[in-house]
Structure formats: structure tokens, C-alpha cells
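Please read the structure below before turning to the comments.
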Amino acid sequence: VVSGHRDVYTNHWAVRITGGQEQADKIAAKYGYMNLGQIGSLDDHYHFRHSRVVRRAAYSLKGPHSFIHMDPEVEWAQQQVVKPRVKR
Amino acid sequence: QAQSDPSFIHFNDPKWSNMWYIHCNDKSSRCRSEMNILAAWQRGYTGKNVVVTILDDGIEMNHPDLAQNYDHLASYDVNGNDHDPTPRYDSRNENIHGTRCAGEVAAVANNSHCIVGVAYNAHIGGIRMLDGDVTDIVEAKSLGIRPDYIDIYSASWGPKDDGKTVDGPGPLTKQAFEQGIKKGRKGLGSIFVWASGNGGRQGDHCSCDGYTSNIYTISISSTTENGNKPWYLEVCSSIMATTYSSGEFNERKIVTTDLRQHCTDGHTGTSVSAPIVAGIIALVLEANLLLTWRDVQHLLVKTSRPVHLKADDWMINAAGHTVSHLYGFGLVDAEAMVLEARKWMTVPHQHTCSQIPERRTRYIHAGQSLNSSITTTGCSEDPEQHVDYLEHVVVKVLVVHPRRGDLEINLISPSGTRSQLLAKRLFDSSNEGFRNWEFMTVHFWGERAEGTWTLEIIDSPSKLRNAEVLGNLKEWTLILYGTSQNPYQPGSAQHSHSRMLEIPAPEEILDGPELDEEDEYNVTQTSRPCHSECGNQACDGPKADHCLNCVHFSFGSLKSGRTCVSHCPLGYYEDIVSRRCRRCYKGCERCAARSAGDCLSCRRGFYLNILNSSCTDTCPPGYFADENQRQCLKCLDPCMRCLRYADRCTACREGYSLAGMTCVPECTNGTFFHLEEMTCSPCHSSCRTCTGPGKEECIQCAEDYLQQEWRCVQTCIPGYYSGEAAGVPHKMCHRCEENCLSCSGPGTTCTKCKEGYSLVSRTCIVNAFCNNADEVFCEMVKSNRLCEKKLYRQFCCRTCLMNG
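Heads up: the sequence lines are chains Z and R, in that order. The numbers in the first sequence follow this note's numbering, run straight up by one, and end at 153. The numbers in the second sequence follow this note's numbering, run straight up by one, and end at 912.
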């Protein structure tokens, strides 16, 4: 629990995969993710979602989808957590 | 006429007369309107062709005061993943924020609706991204929407302002900021404007907000009509400037557009300050569309003024700028900015100089203060990093401490200016400390970088604490941003078109002139002494470029001006025979002669290939480009290819395979690579391949085993059936349908139900819905084949429908 705030894990991932969209699609399919496309103008960064992972969890749940973190084609992967943001 | 007659501009918008922050003509009241927006309009600047977008909860594009300026190309719905950023309407009116901010920027003028925007002819869009789960991806996507079309992104939100949160942009969002700065606006850099924070009452400090303390965002605070500190205002050292906003109950408020096509003066908070400055920057970009993101920040520093803003911490830094932790360099001045912008010369390239004091842990004792100093030359030894004139200064700290809110952190510059990076925060009792947190200050803007910098950490316990538990400063890094030349000096390199009189700084020389054949100077003898670098043939003046010949080396050409030097600058080598500086080969920074294979070191962006002493922008296979040494260094075996570091592999030699960026021996099936032991160790017997020895670390299952979630079993547990699995050679245990204990496959194939459920047509029905009126009676009904009758079926549901 960080300063009163507990992370909420989503079923969205950010990944960095070189080799283009097809390569990203291949990796996504391999672990059961859906590739929602490049993240804005960040080259090689893709937005994945896993339909078999709960949408909001207090912990980062392990399972076959976790193997993506070890795939050598995946340079970096980050499960998305909900960031509390307030309007000013 | 426009200048002299302030009433020259009058709009029919109903709230025009309430907009004291733009104009105040009634001489009776003591009103002051020092942002000089009207004066900028009177000079013809209204934001034409400039594109602004609001990152928030959406924009009501059909609002009568927005519709005419609304730009769908500057809009997107990240929450809904479509092109319509219309806010979600709900009974609590939660999503009013974006529409209110949008109106401050570009509400249409003279349309008999509500208000007039600061840049009432600008294009305005909205990016709906707060109305849902806000993640790093959501923020990064929002900041990267059409960076070549949108000029200014305005945001009035951030981490909680509760006085105990330390939070900021995630890795993707940081990259999105950098991407926008590097590539946005066709390389001029996107402009990011941020509202500094509403945590004043909670004693919050906006240095704990990573968005406002990011060097790429312009952090804006608020003041009231009379120049008072609004109750909600947070302080910090990264605030660049301030605007009027709503404040105390007895002072006038800001009027804004509102959701459902309304208009309101009910808004309070620092939110409006960001869009107001975004609107003013739109006026400035109209005056000079070629301003870079740093030019805009320089203009704010140069033109903002303290005027009647009340603060007890106004100070004048060594560059003569007046600055405060509350208001930055003061109230923005739209007219002064557009006037400066018209004649602005882009500032020189940004340089970055990082310095880390010697690494040693320094304990922080309760009730005492710790000082840690570092003396820097401003990286003058490296022309590409040399910072002489400061812009932003960042201090990255790694501090462990039992109660973070007890800390105050100050930074003192070589000129003696003191900037408070962090004040105590009463509500912050976290024992997390600061982990590589970056504090930023703009208070040293324009000062010289060279000299001793002192970081001061004061620990004053606000509550009883265990005195034995000490905090400690594990590490800190000083990061100086700025330029190697005076950005405002007309004589500095990028301004002057006259001949180079002094020896220009090395980085200008690397692309310097080719040598020309030497011409004899036709000069008259002078009686005054020549420059020390002149040879025995006298000179035509006192300087090194007046010599007739040189003691050491001559450099330059007739066109660009030739001079005598003791040593040749970077990019040139000393030709002893002709005693001239001759240019090295492209990419070389130092060389022994002029051919490609004579390089001794390389320029930034090139790397010395030690195999042939040449400078290349890419290294041969098996080598990686080391940024610090600017050399191609060998990858560490068994890396075949590596990236940035010798052991960050991207390809391995025979017999090894990549795990992440590490080459691990290819272990045969049934074994895995044990990182600690660096050997192949056996998997669990149920695994065919695995990531470790445990039965829960299988990747693929052994022969005759089934994958049950992330284990391999010989038979599926109750409630599961075995079936094929896509993409893996073994079978998997798939879950039967709800409340079924055993089944033969997917769908209604149940053969046994959970307690409390009955099996009906191979599916499980909860007993409460299917019971018997009387067991004996129903047995009789069944034996007399009366179940076909609907009436009997209802009385004897379980007996008649069960097919067990």
C-alpha cells in the first residue's frame, strides 16, 4: 500500500516489441492477448489487452499470460495499474 | 488609437463585463488587470491558426461558445477509443471540467454567448482521458495525439493533492513528453502547460507532483484579483508563472463556459490558470510560429512580473530575475510576450550536464540539517554538454527516512541563490522516503552554472519519532540544463553574422570552414604589441586574428577569418609541417591526420571502431556503441550482438538462447536454466519445459500430463475436463460449466453436480428451483408414466426431470 493508495491492476499491458505490427500481433496471439495497436507516437510500443485476465485486481495475477514477460522478443512489458488522478 | 482607448474593444458576450481578469475599465474600482491580454488583442493577436487541446474529461463541442472554434482534429476520446470526445453526462455533473477549461482558451467572441476566450480565434479541441481508468498508456496516448497538428496541450489535473502523495508520469508518459518535445510541431517541440495544484489547504507541495516538476511542462499557479494567495494554492520551485483565478470569497471569480451549454462563475481552483496561459501562448505563437518549446519558457521568464502579487519569498536571482515559490517569475504579461516574440531569436541548443558527488551514505539526524556539496565546471570539458547559462536545474535524490513529511530540502547555487525544493508536509507520514525522485527548480534561470552547489536537507520532526531510526541520503545527482552561450547576447554564435572575432566554442568549429590557401595580409605596421600567438612577422592589430604569421598554428580561412591558436580545436589536427589546423575526417573529434582511419576520438553520435580507427555511426556485429566513451566496445561472450551495454544481449552464439537480454545456455527439454548456478537444472517430473524446479513452474507439460492453470497434472481436478489447447502440444484442463463437478466436455455435458444442485438435462439446476411435492407420490407418478403431463411435472420436477 503506497501512501494510503493500493494499486489496482488492469488487464491492459504496454509492451515494447521491435519488428513491426505483425511481430507484435504474433506475440499477442501466442499468449492470448489482443493487440490494440501502437501507443500514440511511441515507436515499437504496443497496447495489449488480455480478455482472460480480470479487469481490476488488487494483485498482479500470475498465469500463462505472465510468460510474455520472459519472451525474448519482448524487450519490455508493463501491466497497467490505475493511477488516481484528480481534477484541479 | 487602440492603445490609448482601452474601451476600444467591446464584445456583446453577456459575461464580458465580468471578465475583470482581461479588462477593467471602471476607474471607480481598484481593479487591476495586469495580464495585458486586451493589449495583445489590440495589436492584432487573437490566436489565429494556432491549435490548442485540453486533456481532461471531454469537451462539449456543440456548446454555442465553443462550436465555431472546435477542431475535431485536435480531439480524441481515449477512454472510449473513438473520435468523439463529448463528455459523459451524469446526474452529478462530474464531467464539466474539460468544457470549462476549453472556454478559457477559445470561447468565441461577440457571439452573445457567455464569455470571450483568451485566444478567441484559436482552434480548440479536447482529449477525453480522465473519465475512466487512467493508466500510463492512457496518459501517454493522450500526450501523443497528432503532435504535428496540435501546438499546445493544456492539463489541469494530476496526482492527489492530499499532501502525502508522491507520484508522477510513468515510463511511457515520460517518453511521450520527450517524444513531443523532440518531434512535436515539426521539431519545434510540443508545448505542455500544467496547473500546479490545489493542495494548499493540505500543506501539499507541487515538487511531489512529477507532472508540474517535469522540465517539459510549463507549471502555472494562480493568484486572486488583489494579488493574494488563494487558499488552494500549493508552492514549489518548478512554478514558472501565474495567472488570475478565483480566490477569496470577497474577491471576484473567473467566469467559464459550463456543461449543458451553460455559463458559470462558480469555478474555483488553479485549473483555469493552465488554459489561460495556453491561450496566451496561442497569441504568442501567432506572433512567431517558429518559437521552440524552450523559447516559450524563456519568454515567460523574461516577461512575467511580480506586479501586485503578495508573497513573502520574492527574491532576485543572480541573473536579475525576480522569482517566488508561489508565483514563479510572476504574473504572465500577454502583451510583453507577443512583443518579445516578434523579434525573438531562437535560443541556442539545450545542453545537459549531470554531476554525481562521491557516493557515500550521509545520515540525516532528527532536528539537524545535512549539507552535501558538489563543485562543477558545468561540464566545460565537453563542448556538447557544457552548460554555462542555466535554465532548469534538477536534483535527483535517493533518500531513506522514517517520516518523509518531516523533510525540507533546499538547493543553493554557486551565486548564493537558495531554492526550496521541498517544504515539510504535515500529512506525509510515509516511510518510503524518496527513491530517485527528481526535484526541479527554475529559480536559477540565467545564472552561471560553474562553482559549488550545496544540497541542504533539514529534518525537523513534527511528531515524536524514534531518534535511533535515522534517515540517510544514499545518493543524489545534480542535473543542469542550459546553454553554453549567453542565450540573449546578440553576439553569441547563432545571432552574429559578422566575422568570428574570438575562437568560437568547439561545437561550432566541428563544422567549421575548409582551409583556404593563405593570402598575404596587406596591412600597415602598428606600433602596439602583437598578440602572443603572433609569429615574427608583426601584425595589423592587437588580436590573434591580426597576426601575419603564427607561433604555433593558424586556423580558419580568409572567408571566415583566420586566427593564430596555441592548439587546434576539436575536429582539427595540428599539421606540424605547415603549422596549420587541418580538419579531421567526418565524424572525428580528434585525429592524427585527415583520413578516415586516423581518428582518435569521435563526435557525439559517432563511435570509434577500434578495428580500423574510424568513426562510424553504427558498430560492427559483436560490438556495441558505448555512449560515454563513444567507442565500439566488444559484447560480452556469449553475446553475439548487444545493445548499449556489453551484457545486454540481442543475439547469442551457438548453444545459447536469449532470456530477456541475457544469453542463457540452451537447456534440453526437461531442464531449465538456473540463473544463480548458471547451469541447466531439472524441471519437475510433470513438466516438459519449465522456468524453474517447482511443479508450478511448467511452461509445457510432460507426456500424458494435462495443463491445469499453471501446473501439469495427470487427471483434471473436479469441475474440469481435459481438452485440446491452442498453441501447446499437451492437453489442458478446461473448466466445466457453472456448478458442475464432472463433465465430458464444454457446454451442457455435466454428469455430476455440486451439493445443492440437481442434474437436469445434463445441466445443474439449484435445488430451490426444482423440487418434489411428495417423494412417494412422485415415485408413483413416474412409475405410471405421468411425467409427460405438465401438471405432474411441476409437482414432481426433480423426479420427472432428473435423468440420473
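C-beta atoms are modelled at their ideal positions from N, C-alpha and C, and glycine is treated no differently.
Which residue's Cα is closest to the Cα of residue i: the options?
| i | options | result |
| --- | --- | --- |
| R:Asp496 | R:Thr469, R:Arg533, R:Gly513 and R:His457 | R:His457 |
| Z:Gly128 | Z:Tyr98, Z:Gln86 and Z:Thr83 | Z:Tyr98 |
| R:Leu534 | R:Asn334, R:Arg543, R:Thr350 and R:Gly307 | R:Gly307 |
| R:Ala419 | R:Val409, R:Ala427, R:Val431 and R:Asn425 | R:Val431 |
| R:Arg140 | R:Tyr352, R:Asp179 and R:Ile260 | R:Tyr352 |
| R:Glu558 | R:Thr525, R:Gly579, R:Ser521 and R:Ser537 | R:Ser521 |
| R:Ser330 | R:Arg368, R:Ser298, R:Thr378 and R:Gly240 | R:Thr378 |
| R:Arg712 | R:Gln737, R:Tyr693 and R:Gly387 | R:Gln737 |
Using the Cα positions of residue i and residue j, report the straight-line distance between them to the nearest angstrom.
| i | j | result |
| --- | --- | --- |
| R:Leu447 | R:Ala395 | 8 Å |
| R:Met423 | R:Asp121 | 40 Å |
| R:Cys750 | R:Thr585 | 28 Å |
| R:Cys727 | R:Cys788 | 33 Å |
| R:Ile253 | R:Arg511 | 40 Å |
| R:His406 | R:Met143 | 17 Å |
| Z:Val146 | R:Gly278 | 10 Å |
| Z:Ile133 | R:Gly295 | 35 Å |
| R:Tyr319 | Z:His110 | 22 Å |
| Z:Met135 | R:Asn189 | 29 Å |
| R:Asp373 | R:Lys123 | 9 Å |
| R:Gly305 | R:Ala426 | 28 Å |
| R:Ser298 | R:His433 | 25 Å |
| R:Leu899 | R:Cys858 | 27 Å |
| R:Tyr178 | R:Pro595 | 37 Å |
| R:Arg756 | R:Glu466 | 27 Å |
| R:Asp198 | R:Ala759 | 54 Å |
| R:Lys290 | Z:Leu107 | 12 Å |
| Z:Val73 | R:Val242 | 11 Å |
Let me know the secondary structure DSSP gives residue i once reduced to three states.
| i | result |
| --- | --- |
| Z:Ala93 | helix |
| R:Ile145 | helix |
| R:Glu168 | coil |
| R:Trp545 | strand |
| R:Ser125 | helix |
| R:Tyr184 | strand |
| R:Lys923 | A question about residue 923 of chain R goes unanswered here, because the residues of chain R that appear run from 109 up to 912. |
| R:Gly590 | strand |
| R:Ser765 | strand |
| R:His418 | With the sequence shown as reference, residue 418 of chain R is identified as Lys, and His is not the correct amino acid for it. In this structure, R:Lys418 counts as coil in the three-state DSSP scheme. |
| R:Gln283 | helix |
| R:Lys898 | helix |
| R:Gly778 | coil |
| R:Trp401 | helix |
| R:Asp179 | coil |
| Z:Phe132 | helix |
Taking Cβ positions only, does residue i come closer than 7 Å to chain A?
| i | result |
| --- | --- |
| Z:Ala89 | Included in the structure are the protein chains Z and R, with no chain A among them. |
Once you ignore the five residues that flank residue i on each side, which residues in its own chain have a CB closer than 6 Å to its CB?
| i | result |
| --- | --- |
| R:Ala390 | Gly155, Val158, Val160, Ala227 and Ala230 |
| R:Cys798 | Phe780, Cys791, Glu805, Cys806 and Ile807 |
| R:Lys803 | His792, Ser794 and Arg819 |
| Z:Glu87 | none |
| R:Ala444 | Thr411 |
| R:Ile464 | Thr585 |
| R:Gly705 | Asn720, Ser721 and Ser722 |
| R:Cys316 | Val274 |
| R:Cys747 | Cys757 and Cys771 |
| R:Ser527 | Ser345, Leu519, Thr549 and His551 |
| Z:Thr83 | Asp109 |
Ordered along the chain, which non-local residues of its own chain (more than five positions away) have a Cβ less than 8 Å from that of residue i?
| i | result |
| --- | --- |
| R:Val673 | Ile611, Glu641, Ala652, Cys658, His660, Phe661, Ser662, Phe663 and Cys689 |
| R:Thr460 | Gln493, Val495, Ile587, Leu588 and Tyr589 |
| R:Asn879 | Cys905 and Arg906 |
Just to confirm, does residue i get its C-beta within under 6 Å of one of the non-hydrogen atoms of the ligand FAD?
| i | result |
| --- | --- |
| R:Thr776 | Ligands displayed in this structure: none; no statement on the ligand FAD is therefore possible. |
If you drop the 5 nearest sequence neighbours on each side, which residues of the same chain put their C-beta closer than 7 Å to that of residue i?
| i | result |
| --- | --- |
| R:Tyr153 | Leu391, Glu394, Ala395 and Val446 |
| R:Val874 | Gly864 and Tyr865 |
| R:Arg543 | Leu506 |
| R:Trp128 | Cys139, Ser141, Glu333 and Arg360 |
| R:Asp514 | Lys532, Asp567, Ser568, Pro569 and Ser570 |
Segments of 3+ residues assigned as beta strand (DSSP E) that fall wholly inside the stretch 288-333 of chain R: Unbroken beta strand (DSSP E) stretches of 3 residues or longer found wholly inside the stretch 288-333 of chain R: 299-303 and 325-331, given in chain order.
Contained beta strand (DSSP E) runs [length at least 3] in the stretch 674-725 of chain R, N- to C-terminal order: Complete beta strand (DSSP E) runs here, min 3: 680-683, 688-691, 696-699, 707-710, 715-717 and 722-724.
Whole alpha helix (DSSP H) elements within the stretch 191-269 of chain R, 4-residue minimum: Inside the stretch 191-269 of chain R, DSSP marks whole alpha helix (DSSP H) runs of 4 or more residues at positions 205-214 and 244-251, from first to last along the chain.
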